[in-house]
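Take 10 as the starting number for the sequence shown in our numbering and just add one per residue.
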Amino acid sequence: MHVRVVDRFNRPIDNVRQDEFKVFENSTPQTIQFVSKEEVPITYGLVVDNSGSIRNQINQVIEAAKTIVSSNKPGDETFVVRFISSDEIKIMQDYTADKAALDDALDDMFVEGGQTAVIDAAYLSAEHAAERRKGETDQDKRRRALILVTDGEDRASFYKQEQLFDALKEEDVQIYVIGFVNELDKERGFISKSKRQKAVDLLDRMAKETGGRTFYPNSLSELPQIAQDITKDLRTQYVISYVPTTKARPGEFRPVRVAVADAPGRDKRIAVTRPGYTAKGDAAQPPPNQSPPTVRRQ
């Protein structure tokens with residue numbers, strides 16, 4: 010499992026020893042086999058909202074995405090997804106280490122109208138990352154992530170939130186979010202949440218349940234630093250290996266908690282990881298007479 014360790018200011022900490030970690034599964038202490046901070050290749054998807062609500066930010070978003078791509082190291086691979094509605098989720102560039110090809114795919118993005126399908130885009134992109142994982146050997150373990158850029162307002166997804174989160178519990182994919190929520194209506198109804206709060210709740214949950222992180226820029230000038238922070242986060246992580254004391258049944262959810270000792274001098278250290286996993290079971294089935302959306306290719 011992948012674990013980030015941060016201080017109370019959310020700054021990465023990279024000097025934690027194995028004996029300072031504790032892992033609990035189903036509230037039961039587990040025996041840690043090893044802890045590694047060795048840098049491993051990263052596979053990630055840049056999943057970018059191209060709906061009209063991102064019109065004012067799209068050029069800066071593309072440049073921020075290029076900043077992330079420019080930090081790729083040998084062995085890293087990236088794919089690029091452009092999305093609007095459920096029938097407009099397109100892989101602009103599939104897995105590649107070619108930075109020029111990735112930049113070209115980002116330059117090909119453009120804004121158009123449509124009913125934004127944030128949940129479908131996250132679901133299908135995570136599924137695409139999982140498909141790649143099936144061909145891995147134990148010697149080719151990679152860190153996997155999605156970097157989702159959106160305002161978070163889901164208008165017409167095929168999949169429901171719970172279907173998305175059930176699927177994410179089966180996949181070891183972290184989601185990092187750059188959320189442009191400030192222009193969403195913050196006025197709430199008599200009993201309903203505001204559009205902005207609904208978006209924040211959805212995006213925060215995506216990050217929390219996958220061990221990722223959310224960023225909500227107040228100005229476009231923050232994007233270069235956010236891009237650097239995401240890159241640093243992905244590379245400053247620990248891999249903790251353990252064998253559960255009892256085997257989970259297919260489809261069973263197992264809560265997992267990682268604790269880390271405070272630093273000498275009592276400085277607070279916080280372990281950030283996914284809150285658990287679901288043992289592989291049956292995939293979510295679409296309702297009768299409905300076809301789920303599919304990701305298209307450029």
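A virtual CB, placed ideally from N, CA and C, is assigned to each residue, including glycine. Quantities reported herein were computed from a predicted structural model and do not represent experimental measurements.
Quiz item: Going by the beta-carbon positions, is the gap between Ile98 and Pro302 smaller than 8 Å?
Solution: The count along the sequence shown starts at 1 and reaches residue 98 at position 89. The count along the sequence shown starts at 1 and reaches residue 302 at position 293. It is a contact, given that the beta carbons lie within the stated cut-off.
Quiz item: Exposed or buried, which one is Gly61 when buried takes at least 16 other CB atoms within 10 Å?
Solution: If you number the sequence shown from 1, residue 61 lands on position 52. By the 10 Å Cβ count, Gly61 comes out exposed.
Exercise. List the whole-angstrom C-beta distance separating Gly220 from Arg283, where the pair is believed to meet the contact cut-off of C-beta under 8 Å.
Key: Along the sequence shown, one-based indexing puts residue 220 at 211. Along the sequence shown, one-based indexing puts residue 283 at 274. Confirmed, Cβ separation roughly 4 Å.
Quiz prompt | Assumed close pair Ser134, Val56 - CB separation to whole angstroms, cut-off 8 Å | solution = If you number the sequence shown from 1, residue 134 lands on position 125. If you number the sequence shown from 1, residue 56 lands on position 47. For Ser134 against Val56, the beta-carbon gap comes to about 5 Å, under 8 Å, which counts as contact.
Exercise. Count the C-beta pairs between the region 268-287 and the region 59-77 that are closer than 8 Å, then say yes if the count reaches three, no if not.
Key: no
Practice problem: Put Glu140 into one of helix, strand or coil per three-state DSSP. | Solution: The residue labelled residue 140 in the question sits at position 131 within the sequence shown. Three-state DSSP puts Glu140 in a helix.
Practice problem: Drop a sphere of 10 angstroms on the beta-carbon of Gly122, count the other beta-carbons inside from all chains shown, and report buried for 16 or more, exposed for fewer. | Solution: Translated into positions along the sequence shown, residue 122 becomes position 113. Gly122 should be labelled exposed.
Quiz prompt | Environment of Val252 [buried if 16+ CB atoms lie within 10 Å] | solution = As a working mapping, residue 252 is identified with position 243 in the sequence shown. Around the beta carbon of Val252, fewer than 16 other beta carbons lie within 10 angstroms, which makes this residue exposed.
Quiz item: Assuming Ala154 contacts Tyr53 under a Cβ cut-off of 8 Å, what Cβ separation, rounded to an integer in Å, is found between them?
Solution: Taking the sequence shown and counting its residues from 1, the one referred to as residue 154 is at position 145. Taking the sequence shown and counting its residues from 1, the one referred to as residue 53 is at position 44. With 8 Å as the limit, Ala154 and Tyr53 qualify as a contact, their Cβ atoms being about 4 Å apart.
Quiz prompt | From Ala126, Tyr286 and Phe189, residue whose alpha carbon lies closest to that of Phe92 | solution = As a first step, residue 92 is located in the sequence shown; it is residue number 83 there, counting from the start. Comparing Cα positions, the closest option is Ala126.
Quiz item: Which one or two residues does DSSP pair with Ile77 in a beta bridge?
Solution: In the sequence shown, the residue the question calls residue 77 occupies position 68. In DSSP, Ile77 forms no bridge with anything.
Self-check item: Buried or exposed by the 16-neighbour rule on C-beta atoms within 10 Å, applied to Pro226
Solution: The residue labelled residue 226 in the question sits at position 217 within the sequence shown. So Pro226 ends up on the buried side.
Quiz item: Which first and last residues belong to the alpha helix (DSSP H) in which Thr125 is found?
Solution: The residue given as residue 125 occupies position 116 in the sequence shown. Looking at the DSSP string, Thr125 is not in any alpha helix (DSSP H), and its letter there is neither H nor E.
Self-check item: Bridge-paired residues (DSSP) for Glu86
Solution: To locate residue 86, count along the sequence shown from 1; it is residue 77. Bridge partners of Glu86: Thr52.
Exercise. Tell whether a beta-carbon distance below 8 Å holds between Ile184 and Leu211.
Key: Counting from one through the sequence shown, the residue named residue 184 turns up at place 175. Counting from one through the sequence shown, the residue named residue 211 turns up at place 202. No; because the gap between Cβ atoms is not below 8 Å, this pair is not in contact.
Quiz item: Can the beta-carbon of Tyr104 be found less than 8 Å from the beta-carbon of Phe119?
Solution: For the purposes of this step, residue 104 is taken as the residue at position 95 of the sequence shown. For the purposes of this step, residue 119 is taken as the residue at position 110 of the sequence shown. No, Cβ-Cβ distance for Tyr104 and Phe119 is not below 8 Å.
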